[in-house]
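First up is the structure itself, then whatever we jot down about it.
Residue numbers (my numbering), protein chains in the order written: chain A, 1 to 326; chain B, 1001 to 1326.
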């Protein structure tokens, strides 16, 4: 049942609309009345209801955040940064976990039902009807660390293709001649772009390379590497599309007593905290999470202020972090 | 500004209150009118606004979840399970990240402002005023994986003391004679209870033991173990208050070429996914996350249905998972 404006009005001896005016603005209220209302609200523990406010302003201070892969520590870190940044601006995060590769209809209706001020989608895919629903309702949408060719969105990520190129050049400079790329899920933009940049450079240098399809999971990196080893040709370097797959690569190599970086080298992607743990000490590409979050928040706030529906692809450069696996 | 009930009313050629009755109940509406309104809503992409509904029912379908330690993979997993369970029931999760040990006042006001149906607090501490605010507003509150002696709450966790006892008995049976406990933050109930159960048994067996204070982080486990090693007395077993500290213990031991489980043994707590990674293969205590989440959801839904403010401490047994570090 809770305390509501009616209770405050009764205790303060004023009308309910006066209470509403004190908290949500509108026609003016005398200072004496304002104080009476605030004292009554304080005594009862009444907090002006955001829902009531949203009926007047037709806006809420909630940002919907859709996420799939919480097993990859990269995403909880992203969640945390968004929560802290939006908190500073008085916004809360409605967290939606989607189990499937594609966002489910029920997830979208929840976001619409709560009249979210904006939506951020991290690692899940979108279908067309989703976009339509958000556009109709003028809800700004950002694809974070994902983009899509098919539809127009605002997306924020790192420059994956340039990173793939830099990693190839770095490994070539280290003397690597034949390389393996372990992909994430094949239909994700991040995995495709990292691969393209990587292979483009190897092709230009006429160096042999091979792709093994995996799934962005530790187990995927581990099993794939066992397969590579069983095929008998250890490449001079592995590039895994994210760090946790690279950890799987390193553990599989360790199990087969293949020395890193002497016999083969390993590079990951993300630079999550664990990449720095002594057991892995992984050379990797740092995704500039803070800058990516800042950029997303900036766009979101400007679209909340005034909706334009503008699209764009923002690519923030990262950097190679050299550690002991290369 | 988005589609609202007014737009739907205009297109359907009915009054706004008729639209409201179709979506939120109240006085009856003819089937013909209902269909007209639904068709107009469909055409415009209108979703009945949860805020409007909450003004009538004075309830929202939002659960506030307060979390601190997303660096420990245990908590993102907890978040995911809550999100999935509550989604089944039509509830969303308002995610609040608190940076400090104690929940901040602004976090509480956000939860109250959004009129959350209930609050779950995982690894942050509570002060008295927080409880008062929730009680006044009849908002059910659950401490998940935490409890407190000072105030009365409903708490759900595993039986930490019994787990600590079982771990001590297990290590004694394995021939361990002197042991080290690496604590989490000293003022957390989980760390205190695990320690108490563990030391109680060692005392009964008149075996020497020592506590090193740490902080539930990988770095904490790693640095503490380096300190233990530098002091020159390697104990026959380490019990770390969570898995990620145990990983730090194992990496520090590996760096000093101290063989596990031959020269010393290591036990963790939580059984996060990584405990099963070949590089660690950690013996640990499994926290029954799913059962703990189910229990929390059950209490929450019954208190949302009818608020009683009942308190209690639910302890769900876990189990020892034996792997290669013992």
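No residue lacks a Cβ here, since even glycine has one placed at the ideal position from N, Cα and C.
*Would you decide whether residue 1097 (chain B) is buried or exposed? Buried here means 16 or more other CB atoms lie within 10 Å of its CB.*
buried
*Hey, would you say residue 1079 (chain B) sits closer than 9 Å to residue 144 (chain A), going by beta carbons?*
Residue 144 (chain A) sits away from residue 1079 (chain B), with the two beta carbons spaced by 9 Å or more.
*What are the start and end residues of the alpha helix (DSSP H) that includes residue 214 (chain A)?*
First-last for residue 214 (chain A): undefined, no H or E at that position.
*Since residue 147 (chain A) and residue 313 (chain A) are thought to touch, with beta carbons under 8 Å apart, how far apart are those beta carbons, to the nearest angstrom?*
About 6 Å separates the Cβ atoms of residue 147 (chain A) and residue 313 (chain A), confirming a contact at the 8 Å cut-off.
_Can you find the residues in the same chain that come closer than 7 Å, C-beta to C-beta, to residue 1006 (chain B), ignoring five residues on each side of it along the sequence?_
1016
*Would you grab the beta carbon distance between residue 1066 (chain B) and residue 1103 (chain B) for me? Rounded to a whole angstrom, and I think it's under 8 Å.*
6 Å
*asked:* Using the three-state DSSP reduction, which class does residue 1262 (chain B) fall into: helix, strand or coil?
replied: coil
*Can you give me the Cβ contacts of residue 1306 (chain B) inside the same chain, cut-off strictly under 7 Å, excluding the 5 residues immediately before and after it?*
none
*Can you name the start and end residues of the beta strand (DSSP E) that residue 1240 (chain B) belongs to?*
1237 to 1240
*Would you grab the beta carbon distance between residue 1261 (chain B) and residue 1325 (chain B) for me? Rounded to a whole angstrom, and I think it's under 8 Å.*
6 Å
*Are residue 138 (chain A) and residue 272 (chain A) touching if we call contact CB-CB under 9 Å?*
no
*Output the residue ranges of the beta strand (DSSP E) runs that lie fully inside the segment 6 to 43 of chain A and measure 3 residues or longer, sorted by chain position.*
none
*Listed in chain order, which residues of the segment 1259 to 1282 of chain B have Cβ atoms closer than 9 Å to some Cβ of chain A?*
1273, 1274, 1277, 1278, 1279 and 1280
*For residue 1154 (chain B), which residues in chain A fall below 7 Å Cβ to Cβ?*
Those within 7 Å of residue 1154 (chain B) in chain A number zero; the least Cβ separation is about 18 Å.
*What is the DSSP secondary structure of residue 171 (chain A), counted as helix, strand or coil?*
DSSP, reduced to helix, strand and coil, places residue 171 (chain A) within a helical segment of the structure shown.
*asked:* If I measure Cβ to Cβ from residue 14 (chain A) and keep anything under 8 Å in the same chain, skipping five residues before and after, which residues do I get?
replied: 33, 36 and 37
*Hey, quick one: how far does the beta strand (DSSP E) through residue 201 (chain A) stretch, first residue to last?*
Not the beta strand (DSSP E): residue 201 (chain A) falls in the alpha helix (DSSP H), residues 189 to 204.
*contact_flag[the segment 1273 to 1292 of chain B, the segment 249 to 266 of chain A] where n(CB pairs < 8 Å) is 3 or more*: yes
*Beta-bridge pairing of residue 1155 (chain B) - partner residues as DSSP gives them*: B:1143 and B:1313
*Should residue 319 (chain A) go down as buried or exposed, given a rule of 16 or more other Cβ atoms within 10 Å for buried?*
exposed
*Nearest-angstrom Cα distance between residue 99 (chain A) and residue 68 (chain A)?*
6 Å
_Among A:168, A:201, A:321 and A:45, nearest to residue 1108 (chain B) - alpha-carbon criterion_ = A:45
*For residue 84 (chain A), go through chain B and note every residue whose CB falls closer than 9 Å to its CB, in chain order.*
1097 and 1099
*Collapsed DSSP secondary structure at residue 284 (chain A) in the structure displayed*: When secondary structure is reduced to three states using DSSP, residue 284 (chain A) falls in the strand class.
*From the DSSP output, read off the bridge partner residues of residue 92 (chain A).*
A:62
*Boundaries of the alpha helix (DSSP H) in which residue 294 (chain A) is found, first to last residue*: 289 to 305
*Using a Cβ-Cβ cut-off of 6 Å (strictly less than) and excluding sequence neighbours within five positions of residue 1164 (chain B), which residues of its own chain qualify?*
Excluding residues within five positions, the ones whose Cβ falls inside 6 Å are 1194, 1197 and 1198.
_Would residue 1080 (chain B) pass as an interface residue toward chain A - the criterion being a Cβ-Cβ separation below 9 Å?_
yes
*Any idea if residue 61 (chain A) is buried or exposed, counting beta-carbon neighbours within 10 angstroms, 16 or more meaning buried?*
Residue 61 (chain A) should be labelled buried.
_Cβ-based burial, residue 317 (chain A) [other Cβ within 10 Å; buried from 16]_ = exposed
_Less than 8 Å between C-beta atoms, sequence neighbours within five positions excluded: which residues of the same chain meet that for residue 86 (chain A)?_
63, 92, 93 and 297
*May I ask you to list, following chain order, the residues of the segment 127 to 143 of chain A that have a beta carbon less than 8 Å from some beta carbon of chain B?*
The segment 127 to 143 of chain A vs chain B, Cβ under 8 Å: 132, 133, 136, 137, 138 and 139.
*Identify, in the order they occur along the chain, each residue of the same chain with its Cβ nearer than 6 Å to the Cβ of residue 1210 (chain B), setting aside the five sequence neighbours on each side.*
1180
*Opposite residue 319 (chain A) in the DSSP bridges: which residues?*
A:286, per the DSSP bridge assignment.
_Pair within 9 Å by beta-carbon distance, residue 1327 (chain B) and residue 1268 (chain B)_ = The shown model of chain B, from 1001 to 1326, leaves out residue 1327 (chain B), and the question about it has no answer.
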